[in-house]
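Comments concern the structure below.
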Amino acid sequence: MSASVPGQWIVPAWPAPGRVRALITTRDGGVSTGPFGAGTGGGMNVGLRSGDVEHDVLANRARLRRLLPGEPRWLDQVHGARVAWIDREADPAPADAAVSTRAGHVCVVTVADCLPVLLTDRAGDVVGVAHAGWRGLAAGVIQNTVAAMRLALGCGDAALMAYLGPAIGPRWFEVGAEVLLAMRQRLPRCNEAFAPLREGKYLCDLAALARQALGEVGIDEVYGGDECTYSDAARFYSFRRDRVTGRHAALIWRQP
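In terms of the working numbering, the sequence shown opens at residue 3 and continues consecutively.
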């Protein structure tokens, strides 16, 4: 990275190869104000469709860009399961995950309660990131991302590792029965990630569901998953908590 990372941002603690770099922004370190701001300064909102002033969001993205080897390949996210191979797609169609094998190509998703899942292989030959809210998890976004990465490597059982970034925690993510029913179509053990709350309502553990999805495709080397966006308003944006709020960026790339 060509400049220093703001102290509140997350540099994942995982044993990724040295050529692989990853970064997750928080609400600190930008220029946004109002509900998009930070307690002691400007907020680092990177979401263009969040309701923030576009000039401020672009200024935040420019600050982020100075830390990266290239412009991030921003996606048009739709809470689905499509994966963009950004080395081959100059202007990716709507997608909620990205993979790359090319040095300097930066994969990115934006989140504000949904779970960002960073992925790489042991050699650092491929990287990927998935935007895993409950809809994406039910649609198989993690499994699709892993399949795309293994296809890029030409190895259907390549060993990968994952890092789970900050997301709404299991004490705060209340969902209806339709979420549990949708997840049962995808993950046989999903009931373990739901705690009954009252009639037709549950508390849902996104990180636990992501670990199950990763396990389904043979990935048990999983790190992170313990930071809650909802309960830490000083550090994180949260759509469920605030409704009008910013977006974080979760990025991964192979260093040139």
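All C-beta atoms in this analysis are idealised placements derived from N, C-alpha and C, irrespective of residue type, glycine included.
query                                                                                                                                                              : result
Note down, in chain order, each residue of its chain lying with its Cβ closer than 7 Å to the Cβ of L50, except the 5 sequence neighbours on either side.          : E56 and V59
CB-CB under 6 Å to P118, same chain, minus the five flanking residues each way: which ones, in chain order?                                                        : V111, G167 and A252
Using the C-alpha atoms, what's the distance from L182 back to R63?                                                                                                : 36 Å
On the criterion of 16 or more Cβ atoms from any shown chain inside 10 Å, does L199 qualify as buried, or is it exposed?                                           : exposed
Is P37 helix, strand or coil by DSSP?                                                                                                                              : helix
On the three-pair Cβ rule with 8 Å, is the segment 184 to 194 touching the segment 152 to 171?                                                                     : no
Only counting the same chain, and skipping five residues up and downstream in sequence, which positions put a Cβ closer than 8 Å to that of G82?                   : P96, A97, D98, R137, G138, A141 and V143
Have a look at the DSSP bridge pairing and note the partners of P198.                                                                                              : Y204
Can you give the Cα-Cα distance for I88 and E180, rounded to whole angstroms?                                                                                      : 33 Å
Is the distance from the Cβ of S52 to the Cβ of T231 below 9 Å?                                                                                                    : no
Can you tell me whether A105 is buried or exposed? The criterion is at least 16 other CB atoms within 10 Å of its CB, across all chains shown.                     : exposed
Spatial neighbours of M185 within its chain, please: CB distance less than 6 Å, with the 5 preceding and 5 following residues excluded, ordered by chain position. : A140 and C192
Please report how far the alpha carbon of C206 lies from the alpha carbon of D234, in whole angstroms.                                                             : 18 Å
At what residues does the alpha helix (DSSP H) containing E180 begin and finish?                                                                                   : A179 to R186
Please report how far the alpha carbon of G32 lies from the alpha carbon of E201, in whole angstroms.                                                              : 42 Å
Should V2 and S102 be called a contact, given that it needs their Cβ atoms to be closer than 9 Å?                                                                  : Because residue 2 is not part of the residues shown, which for the chain are 3 to 258, the question remains open.
Looking only at its own chain, which residues have a Cβ that is under 7 Å from the Cβ of V219, when we skip the five neighbours before and after it?               : Q145 and V148
To the nearest angstrom, how far is the alpha carbon of I12 from that of G156?                                                                                     : 31 Å
List the endpoints of the continuous alpha helix (DSSP H) containing H57.                                                                                          : E56 to R67
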